[in-house]
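Step one of this worksheet: look at the structure below.
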Amino acid sequence: QVPLVESVGGVVQAWGSLRLSCAASGIMFSAHDIGWYRQAPGKQRELVALISSGGRTNYADSVKGRFTISRDNAKNTVYLQISSLNAEDTAVYYCNARNPVVYWGQGTQVTVSS
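In C-alpha coordinates, the structure reads:
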(Lines of atoms letter the chains of each structure in order from A and count residues from 1; the text may use other names and numbers.)
(Lines give C-alpha, C1' and ligand atoms only; values in the text may rest on other atoms or scores of the structure.)
Protein backbone atom coordinates (compact mmCIF):
# COMPACT_ATOMS: atom_id res chain seq x y z
CA GLN A 1 0.00 0.00 0.00
CA VAL A 2 1.38 3.38 -1.01
CA PRO A 3 1.36 5.70 2.01
CA LEU A 4 0.94 8.91 0.01
CA VAL A 5 -1.17 9.46 -3.10
CA GLU A 6 -1.31 12.79 -4.89
CA SER A 7 -4.30 13.96 -6.86
CA VAL A 8 -4.07 14.36 -10.61
CA GLY A 9 -2.57 17.68 -11.64
CA GLY A 10 -3.15 18.14 -15.35
CA VAL A 11 -2.88 21.02 -17.80
CA VAL A 12 -3.80 24.44 -16.48
CA GLN A 13 -3.88 27.79 -18.24
CA ALA A 14 -1.43 30.46 -17.23
CA TRP A 15 -2.82 32.74 -14.50
CA GLY A 16 -5.19 29.98 -13.47
CA SER A 17 -5.43 28.19 -10.14
CA LEU A 18 -5.08 24.60 -9.07
CA ARG A 19 -5.43 22.66 -5.86
CA LEU A 20 -3.41 19.53 -5.35
CA SER A 21 -4.14 17.07 -2.59
CA CYS A 22 -2.13 14.33 -1.02
CA ALA A 23 -3.94 11.58 0.85
CA ALA A 24 -2.09 9.49 3.41
CA SER A 25 -2.83 6.02 4.64
CA GLY A 26 -1.10 3.59 6.93
CA ILE A 27 0.86 6.24 8.79
CA MET A 28 0.12 8.45 11.79
CA PHE A 29 -0.52 11.41 9.54
CA SER A 30 -1.02 14.03 12.25
CA ALA A 31 2.44 13.37 13.65
CA HIS A 32 4.21 13.96 10.33
CA ASP A 33 5.64 17.09 8.82
CA ILE A 34 4.41 17.26 5.23
CA GLY A 35 6.18 18.90 2.34
CA TRP A 36 5.36 19.58 -1.27
CA TYR A 37 8.27 19.34 -3.67
CA ARG A 38 8.49 19.83 -7.38
CA GLN A 39 10.89 18.83 -10.10
CA ALA A 40 10.95 20.64 -13.41
CA PRO A 41 12.58 19.10 -16.50
CA GLY A 42 16.35 19.26 -16.22
CA LYS A 43 16.24 20.67 -12.70
CA GLN A 44 16.71 19.31 -9.22
CA ARG A 45 13.78 18.53 -7.00
CA GLU A 46 13.01 21.51 -4.77
CA LEU A 47 10.93 22.04 -1.67
CA VAL A 48 8.17 24.57 -2.31
CA ALA A 49 6.00 24.34 0.82
CA LEU A 50 6.13 22.69 4.20
CA ILE A 51 3.62 22.29 6.99
CA SER A 52 4.69 20.93 10.32
CA SER A 53 2.70 18.53 12.46
CA GLY A 54 1.76 21.57 14.50
CA GLY A 55 0.52 23.50 11.49
CA ARG A 56 3.43 25.89 11.00
CA THR A 57 4.06 26.67 7.35
CA ASN A 58 7.10 27.65 5.29
CA TYR A 59 7.44 28.46 1.63
CA ALA A 60 10.18 28.79 -0.92
CA ASP A 61 10.75 32.43 -1.81
CA SER A 62 9.81 31.70 -5.41
CA VAL A 63 6.25 30.72 -4.48
CA LYS A 64 5.44 32.96 -1.53
CA GLY A 65 2.13 34.69 -2.00
CA ARG A 66 0.94 32.22 -4.64
CA PHE A 67 1.14 28.83 -2.91
CA THR A 68 -0.78 27.88 0.22
CA ILE A 69 -0.26 24.62 2.03
CA SER A 70 -2.82 23.30 4.48
CA ARG A 71 -3.70 20.06 6.17
CA ASP A 72 -6.82 18.30 7.38
CA ASN A 73 -5.74 15.72 9.91
CA ALA A 74 -9.27 14.33 10.17
CA LYS A 75 -9.05 13.42 6.47
CA ASN A 76 -5.35 12.49 6.50
CA THR A 77 -4.91 14.92 3.65
CA VAL A 78 -2.64 17.84 2.84
CA TYR A 79 -3.46 20.41 0.17
CA LEU A 80 -1.45 22.75 -2.00
CA GLN A 81 -3.40 25.67 -3.42
CA ILE A 82 -1.60 27.31 -6.33
CA SER A 83 -2.68 30.58 -7.87
CA SER A 84 -1.43 32.78 -10.72
CA LEU A 85 0.20 29.79 -12.38
CA ASN A 86 3.03 30.50 -14.78
CA ALA A 87 5.27 28.44 -17.03
CA GLU A 88 7.89 28.06 -14.30
CA ASP A 89 5.36 26.09 -12.25
CA THR A 90 5.37 23.30 -14.81
CA ALA A 91 6.82 20.32 -12.97
CA VAL A 92 6.10 17.02 -11.33
CA TYR A 93 4.81 17.73 -7.83
CA TYR A 94 5.48 15.32 -5.00
CA CYS A 95 4.29 15.19 -1.44
CA ASN A 96 6.57 13.99 1.31
CA ALA A 97 5.89 12.94 4.88
CA ARG A 98 8.61 12.85 7.50
CA ASN A 99 8.73 11.66 11.12
CA PRO A 100 11.59 10.74 10.89
CA VAL A 101 11.03 8.01 8.31
CA VAL A 102 10.45 9.65 4.95
CA TYR A 103 7.64 8.69 2.60
CA TRP A 104 7.13 9.98 -0.92
CA GLY A 105 4.13 10.06 -3.15
CA GLN A 106 4.36 8.94 -6.75
CA GLY A 107 4.20 12.48 -8.11
CA THR A 108 1.70 14.29 -10.28
CA GLN A 109 2.38 16.29 -13.42
CA VAL A 110 1.32 19.91 -13.59
CA THR A 111 1.69 21.61 -16.94
CA VAL A 112 0.96 25.30 -17.39
CA SER A 113 -0.11 26.31 -20.86
CA SER A 114 0.08 29.84 -22.24
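Position 104 of the sequence shown, counting from 1, maps to 98 under the working numbering, and the rest follow consecutively. Backbone N, C-alpha and C define an ideal beta-carbon position, used for all residues, glycine too.
Considering Cα atoms alone, identify which of the options is closest to residue i.
{"i": "TRP30", "options": "ALA8, THR71, VAL5, MET22", "result": "THR71"}
{"i": "THR102", "options": "TYR87, ASN93, VAL95", "result": "TYR87"}
{"i": "VAL95", "options": "ALA17, ASP27, SER15, VAL6", "result": "ASP27"}
{"i": "LEU12", "options": "ARG92, ASN80, TRP98", "result": "ASN80"}
{"i": "ARG39", "options": "ASP83, ARG50, GLY49", "result": "ASP83"}
{"i": "SER15", "options": "ALA8, GLY3, PHE23", "result": "GLY3"}
{"i": "GLY99", "options": "ASN93, THR105, CYS89", "result": "CYS89"}
{"i": "ASN93", "options": "PHE23, GLU0, ARG50, ASP66", "result": "PHE23"}
What does the alpha-carbon distance come out to for the pair residue i and residue j?
{"i": "LEU(-2)", "j": "ALA25", "result": "14 Å"}
{"i": "SER107", "j": "GLY10", "result": "10 Å"}
{"i": "ALA34", "j": "ALA85", "result": "4 Å"}
{"i": "THR62", "j": "ILE76", "result": "7 Å"}
{"i": "ASN52", "j": "VAL104", "result": "21 Å"}
With C-beta atoms as the reference, is residue i less than 8 Å away from residue j?
{"i": "ARG60", "j": "SER78", "result": "yes"}
{"i": "ALA91", "j": "ILE45", "result": "no"}
{"i": "ALA68", "j": "VAL57", "result": "no"}
{"i": "LEU74", "j": "ALA54", "result": "no"}
Specify, as a first and last residue, the run of the beta strand (DSSP E) that residue i falls within.
{"i": "ARG65", "result": "61 to 66"}
{"i": "GLN7", "result": "4 to 7"}
Just to confirm my understanding: we take residue i, look at its own chain, exclude 5 residues before and 5 after, and list those with CB closer than 8 Å. What are they?
{"i": "GLY49", "result": "ARG65"}
{"i": "ALA8", "result": "LEU79, ASN80, ALA81, VAL106, SER107, SER108"}
Beta-carbon within less than 6 Å of residue i's beta-carbon, same chain only, minus the 5 sequence neighbours each way: which residues are those?
{"i": "VAL5", "result": "THR105, SER107"}
Any heavy atom of the ligand GTP inside 7 Å of the beta-carbon of residue i?
{"i": "VAL42", "result": "This structure does not include the ligand GTP; it has no bound ligands of any sort."}
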